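Colleague: This is the structure, below, for whatever I ask next.
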Amino acid sequence: MRATDLDYVLTTMLESHVNVSDLNATVGKPFQVESDGQLLEVSLAPPVKKLTPFQSETLALSIINSDRRLLEILLREGACDTSYQVAGKARFRVNIFSQRSQYSVVLRKLATRIATIDELNLPKLFYEVAEEKNGFVLVTGATGSGKSTTLAAMLDAVNQQRSVHVVTLEDPVEFVHPQKIATFNQRELGSDFDTFAHGLRSALRQAPKVILVGEMRDRETVEIGLSAAETGHLVMSTLHTVDAGQTISRIVGMFDRDEEKLLRIRLAETMKWIICQRLVPKVGGGRVAVIEIMGNSLRTKDAILNGEQEGKTFYDIITASEAFGWRTFDMSLVESYGPGLITEETAMAYASHKAVVGRGLDVIKSKRGERTSTIESLSLDQGYREGTFDARKKKR
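Numbering that gives the first Met the number 0 puts the first residue of the sequence shown at 0, with every later residue one more than the last.
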């Protein structure tokens, strides 16, 4: 496939629907795009009703573009990551993978402009996170939850406020930071370094004050990241975890049991912030981010050192620290419901503790003069409902 043909297909897919975030090419299906969380079919000329194995492989090889390293990784590991750009249109993060001996391609559209913390409606507390001088900052969540966008916004805050050297290690480089007050060196896996662990070890010799690691994928990367945080660097990275508790458990699980005690001590001392994100359906279309934020305190250190206990879970600790700007997902859901960003049904569907969210929604509805939640299966005496209930007739 010629580059012009590939660009035509990708451009047509991009422009087929609004709010396109991902492009999907899977054998047996037409070309599809993800718009507001839903996969939608794309009409091409000539039409492609079902992709054949030959068509998907041609698409994959056109993106790889004779890159021997990528081809070797794809054949050896069954998947590879790269980037692709349609000039003047968009940049993509690309994953090509094998399924049932056929190739599928998923392209994630990358923003060409870095949004600020305010533009993303992120909590003001994120500016405080960007001012940290050392330690670990983790942004976690599922694939496509906006982790990279949030990190880019915080790095932009660093770029506008601090004259420091920032080194990023990414797969691929998603947001290109202009040279403002800070000095940025952005390195890409494959072309600039071979593994995150090697790239991070090399970064320590490049005199950075801030290091971004695209993902803490393995034990060695975590080990070097901890060492960097302990020696005065601010290390920012991501993990595919759903909340603060699972984040700590995932890191601990990368190490042997006999190393756990020392690891927990190191984490308790270096972990500054854990920020977890989820995207939920927004009223009127699109999605809105709900965020859990946990900082560093004596109570969080104790929970990291000794594990979560009754009354001392990370959820309990975050709830008790609301005055400091910390928040649970449940708090964020209630906060998003207040101005009408999400519906009551969405808030309850994504709640970690439905009773907590239900009470929060009731407070808002009560202030609006709306009817509050009802208890399912509650049956009232007909006379009581009609206002004729006589307490004196109630059996004692």
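C-beta atoms are modelled at their ideal positions from N, C-alpha and C, and glycine is treated no differently. Predicted model, so just to flag it, every value in this text is computed and none were measured.
(1) With distances taken between CB atoms, is the gap from residue 164 to residue 133 smaller than 9 Å?
(2) Thinking C-alpha only, which one of 366, 227, 178 is nearest residue 160?
(3) Look up residue 301 in the DSSP assignment and say whether it is helix, strand or coil.
(4) Just list the residues that DSSP pairs residue 33 with in beta bridges.
(5) So, using beta-carbon positions, are residue 181 and residue 220 closer together than 9 Å?
(6) Just to confirm the assignment, what range does the beta strand (DSSP E) spanning residue 209 have?
(7) Does residue 227 come out as helix, strand or coil in the three-state DSSP assignment?
(8) Is residue 171 buried or exposed, if buried means 16 or more other CB atoms sit within 10 Å of its CB?
(9) Whole angstroms is fine: what's the gap from residue 52's alpha carbon to residue 105's?
(10) Would you kindly work out how many angstroms separate the C-alpha atoms of residue 371 and residue 149, rounded to a whole number?
(11) Under the assumption that residue 276 contacts residue 146 (Cβ atoms under 8 Å), give the Cβ distance between them as a whole number of angstroms.
(12) Do you know whose CA, among 329, 362, 364, lies nearest residue 348's CA?
(13) Contact between the stretch 49-65 and the stretch 18-30 is defined here as three or more beta-carbon pairs at a separation below 8 Å; is this criterion met?
(14) Would the beta-carbon of residue 404 fall within 9 Å of that of residue 298?
(15) The beta strand (DSSP E) with residue 336 in it runs from where to where?
(16) Tell whether a beta-carbon distance below 9 Å holds between residue 123 and residue 113.
(17) May I ask which residues mark the beginning and end of the beta strand (DSSP E) holding residue 273?
(18) Would you call the stretch 226-245 and the stretch 203-212 touching, i.e. three or more CB-CB distances under 8 Å?
(19) What is the DSSP secondary structure of residue 2, reduced to helix, strand or coil?
(20) Among the residues of its own chain, which have a CB less than 7 Å from the CB of residue 309, if the five just before and after it don't count?
(21) Suppose the cutoff is 6 Å on Cβ atoms and the five residues either side in sequence are ignored; what does the same chain contact list for residue 9 look like?
(22) Taking 8 Å as the threshold, find out whether the stretch 254-263 comes into contact with the stretch 283-300 through three or more Cβ pairs.
(23) Figure out for me which residue from 157, 13, 189 has the closest Cα to the Cα of residue 176.
(24) If you drop the 5 nearest sequence neighbours on each side, which residues of the same chain put their C-beta closer than 6 Å to that of residue 138?
(25) Assuming contact is defined by CB atoms lying nearer than 9 Å, are residue 166 and residue 153 in contact in what I supplied?
(26) I'd like the span of the beta strand (DSSP E) that includes residue 108, first residue to last.
(27) Apart from the five residues just before and just after residue 216, which ones in its own chain have a Cβ nearer than 7 Å to its Cβ?
(28) Between residue 102 and residue 79, what straight-line distance do the alpha-carbon atoms span, to the nearest angstrom?
(29) May I have the straight-line CA-CA distance separating residue 71 from residue 186, to the nearest angstrom?
(30) Hey, would you say residue 322 sits closer than 9 Å to residue 335, going by beta carbons?
(31) Looking only at its own chain, which residues have a Cβ that is under 6 Å from the Cβ of residue 17, when we skip the five neighbours before and after it?
Modeller: The short version:
(1) Working through the sequence shown from its first residue, we reach residue 164 at position 165. Working through the sequence shown from its first residue, we reach residue 133 at position 134. It is not a contact, given that the beta carbons lie outside the stated cut-off.
(2) Residue mapping note: residue 160 aligns to position 161 of the sequence shown, counting from 1. When each option's Cα is compared against that of residue 160, the closest is 178.
(3) Residue 301 sits at position 302 when you count from the first residue of the sequence shown. Note: residue 301 maps to helix in three-state DSSP.
(4) By 1-based counting over the sequence shown, the position of residue 33 is 34. According to DSSP, residue 33 bridges with 21, 38.
(5) Start at 1 with the first residue of the sequence shown, and residue 181 comes out as number 182. Start at 1 with the first residue of the sequence shown, and residue 220 comes out as number 221. It is not a contact, given that the beta carbons lie outside the stated cut-off.
(6) Position 210 of the sequence shown, counted from the first residue, corresponds to residue 209. Looking at the DSSP string, the run of the beta strand (DSSP E) that includes residue 209 is 209-212.
(7) Translated into positions along the sequence shown, residue 227 becomes position 228. Three-state result, residue 227: helix.
(8) Locating residue 171 in the sequence shown gives position 172, counting from the first residue. Classification for residue 171: buried.
(9) The residue given as residue 52 occupies position 53 in the sequence shown. The residue given as residue 105 occupies position 106 in the sequence shown. Answer to the nearest angstrom: the Cα atoms are 15 Å apart.
(10) Along the sequence shown, read from residue 1 onward, the residue named residue 371 stands at position 372. Along the sequence shown, read from residue 1 onward, the residue named residue 149 stands at position 150. Rounded to whole angstroms, residue 371 to residue 149 spans 35 Å at the Cα level.
(11) One-based indexing of the sequence shown puts residue 276 at position 277. One-based indexing of the sequence shown puts residue 146 at position 147. Confirmed, Cβ separation roughly 6 Å.
(12) For the purposes of this step, residue 348 is taken as residue 349 along the sequence shown, with counting starting at 1. Of 329, 362, 364, the residue nearest in Cα terms is 329.
(13) yes
(14) In the structure as shown, the chain begins at 0 and stops at 395. Residue 404 is therefore absent and cannot be evaluated.
(15) Mapped onto the sequence shown, residue 336 falls at position 337. Run containing residue 336: none in the beta strand (DSSP E); it sits in the alpha helix (DSSP H), 328-336.
(16) If you number the sequence shown from 1, residue 123 lands on position 124. If you number the sequence shown from 1, residue 113 lands on position 114. No; because the gap between Cβ atoms is not below 9 Å, this pair is not in contact.
(17) Here the question's residue 273 lines up with position 274 in the sequence shown. That run of the beta strand (DSSP E) goes 270-280.
(18) yes
(19) Stepping through the sequence shown from its first residue, residue 2 is reached at position 3. Reduced to three states, the DSSP call for residue 2 is helix.
(20) Walking along the sequence shown from the start, residue 309 turns up at place 310. For residue 309, where only same-chain residues beyond five positions count, there are no Cβ hits under 7 Å.
(21) Here residue 9 refers to the residue found at position 10 when the sequence shown is read from its first residue. Contacts found: 85.
(22) no
(23) Locating residue 176 in the sequence shown gives position 177, where the first residue counts as 1. Among 157, 13, 189, the Cα nearest to that of residue 176 belongs to 157.
(24) As a working note, residue 138 is residue 139 in the sequence shown. Hits under 6 Å: 146, 149, 150, 237, 274.
(25) For the purposes of this step, residue 166 is identified with residue 167 of the sequence shown, where counting begins at 1. For the purposes of this step, residue 153 is identified with residue 154 of the sequence shown, where counting begins at 1. Cβ distance not < 9 Å, so residue 166 and residue 153 don't count as in contact.
(26) Mapped onto the sequence shown, residue 108 falls at position 109. Taken as a continuous stretch (DSSP letters only), the beta strand (DSSP E) holding residue 108 covers 101-109.
(27) As a first step, residue 216 is located in the sequence shown; it is residue number 217 there, counting from the start. For residue 216, where only same-chain residues beyond five positions count, the Cβ hits under 7 Å are 195.
(28) As a position in the sequence shown, residue 102 is number 103, starting the count at 1. As a position in the sequence shown, residue 79 is number 80, starting the count at 1. Using only the alpha carbons, I get a separation of about 11 Å.
(29) In the sequence shown, counting from the first residue as 1, residue 71 sits at position 72. In the sequence shown, counting from the first residue as 1, residue 186 sits at position 187. For residue 71 and residue 186, the distance between alpha carbons rounds to 21 Å.
(30) Mapped onto the sequence shown, residue 322 falls at position 323. Mapped onto the sequence shown, residue 335 falls at position 336. Not closer than 9 Å, so no.
(31) Here residue 17 corresponds to residue number 18 of the sequence shown, with the count starting at 1. Counting only Cβ-Cβ distances below 6 Å, and skipping sequence neighbours, we find nothing.
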